[in-house]
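When we follow our numbering, the leftmost residue of the sequence shown carries the number 33, and every step to the right adds one.
C-beta atoms are modelled at their ideal positions from N, C-alpha and C, and glycine is treated no differently.
Remember, predicted model here, so these are calculated numbers, not experimental data.
All remarks here apply to the structure that follows.
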Amino acid sequence: MKTQANQTLYNLIRAYMHSLGTSRTTVVALKSYMEAVRRLKCSDADFRFMLDRLNAVIKKTEPKVIPLVHLIEAFEAEMAASGNLSLDDAKKRAVESLLQKLESFQTATAEVTRQCMHCIAPGDLIIAHSATAHIREALVRAHKELKQDFKVLVLKQDFIRTRELIDDLRRHQVYHVLIPEYNLSHYLGSASKLFIGAVSVTADNQAVTGVGTANVVSLCHWYHVPVYLFVESIKFAHRALAEQRIHNEEQHKTEADFTFHMKTFSHDFVDLKMIDHLVTDTGER
């Protein structure tokens, strides 16, 4: 059942995913969960019920935040196996479990960053356009730590998605060019690689990605620009694309005194056949 409170949480998580990327949203969600558990005041009997209710909502976000879903499912199993505990002991066990999962996920993300760094070669012109944290960090660290000489072609989509990447590249003096996404065709003859991230990779081999990614991947695939997808292994979903709950909405909009009805989707999807290199925390698949 989709209550107003649930819908508000779904909207909030989508906003975080849009501005921070899925990996950082997962980290923020786990930290918030731990803080909520620490502050929770209830009876011993109600504790498990309240956890179950929150877990059920988290697992039905639009779209599904697959790494968070996997971690919450493992958390549920651990709490179920811990038996009947007092409230204080149950809260302590819950926080310890969530902290362990947070640290494990951060380790995986750090390894994806390292893998990404080593996919950058001298002379590359790398196309980047997403808020994916490990790609942004890899570009900076390849420049600073590995002293690689490369350029970044940043595709402007909207202010939120582009600003953080540009700020980091400027701050660390990574050479970059900013262009509108629709001008990419002018650079496809000189681009070396496209780097993208994903919300999840589905059981039917589709990568759920940020809006605009599918068009960019299609152009790069057609022009034989290698496409690199960097994703933590925990983002691999057990179910098909149709069950990933990609959010869509219909609304009336007015521009220049013209009113029209428009349907939008929160995320794109890309067939793995269009991906040349699928790189995870365990290496290239």
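Item	Value
For Arg72, name the three-state secondary structure that DSSP assigns.	Reading off the sequence shown, one finds Leu at residue 72, where the question assumed Arg. In this structure, Leu72 counts as coil in the three-state DSSP scheme.
Comparing alpha-carbon positions, which option in Ser217, Gln189, Met49 and Ala77 lies nearest Tyr255?	Ser217
How many whole angstroms separate the CB atoms of Ala230 and Thr241, which I take to be in contact at a CB cut-off of 8 Å?	5 Å
Does the stretch 292–310 come within contact of the stretch 243–255, defined as at least 3 CB pairs closer than 8 Å?	yes
Just tell me which of Thr40, Ser51, His102 and Ser162 has its CA closest to the CA of Lys188.	Ser162
As a quick exercise: from Glu196, Ala61 and Thr286, pick the residue whose alpha carbon is nearest that of Ile90.	Ala61
Out of curiosity, what's the CA-to-CA distance linking Lys63 and Gln238?	29 Å
In angstroms, rounded to a whole number, what distance separates the CA positions of Asp200 and Ala77?	48 Å
Could you check whether the stretch 264–278 touches the stretch 86–102, counting it as contact only if at least three pairs of C-beta atoms, one from each stretch, sit closer than 8 Å?	yes
Using the C-alpha atoms, what's the distance from His284 back to Phe290?	10 Å
Would you call Val259 buried or exposed, if buried means 16 or more other Cβ atoms sit within 10 Å of its Cβ?	buried
Assess contact between the stretch 112–119 and the stretch 156–172, defined as three or more Cβ pairs (one per stretch) separated by less than 8 Å. Is contact present?	no
Could you pull the start and end residues of the beta strand (DSSP E) that Thr291 belongs to?	Phe290 to Phe297
Are the CB atoms of Thr57 and Tyr65 nearer to each other than 8 Å?	no
CA-CA distance, Arg195 and Leu72?	36 Å
Helix, strand or coil: how does DSSP classify Leu185 here?	strand
From Ala126 to Ala68, what distance separates their C-alpha atoms?	11 Å
Where in the stretch 34–101 do unbroken runs of the alpha helix (DSSP H), each at least 4 residues long, occur, reported from the N-terminal end onward?	36–52, 54–71 and 76–90
Who pairs with Asp300 in a beta bridge, going by DSSP?	Thr241
Who are the near neighbours of Gln172 in its chain, counting only those whose CB is closer than 7 Å to its CB and skipping five residues on each side?	Position check: residue 172 holds Val in this sequence, whereas Gln was assumed. Around Val172: Asp200, His204 and Val206.
Determine the direct distance from the alpha carbon of Phe182 to that of Ile152, and round the result to whole angstroms.	8 Å
What are the boundary residues of the beta strand (DSSP E) that Val259 is part of?	Val259 to Phe262
Kindly indicate the opening and closing residues of the alpha helix (DSSP H) around Ala230.	Neither: Ala230 is in no alpha helix (DSSP H) and is coded neither H nor E.
What do you get for Met294, buried or exposed, if any count of 16 or more other CB atoms within 10 angstroms of its CB means buried?	exposed
With distance defined between alpha-carbon atoms, name the residue in Leu157, Lys225 and Asn43 nearest to Val97.	Asn43
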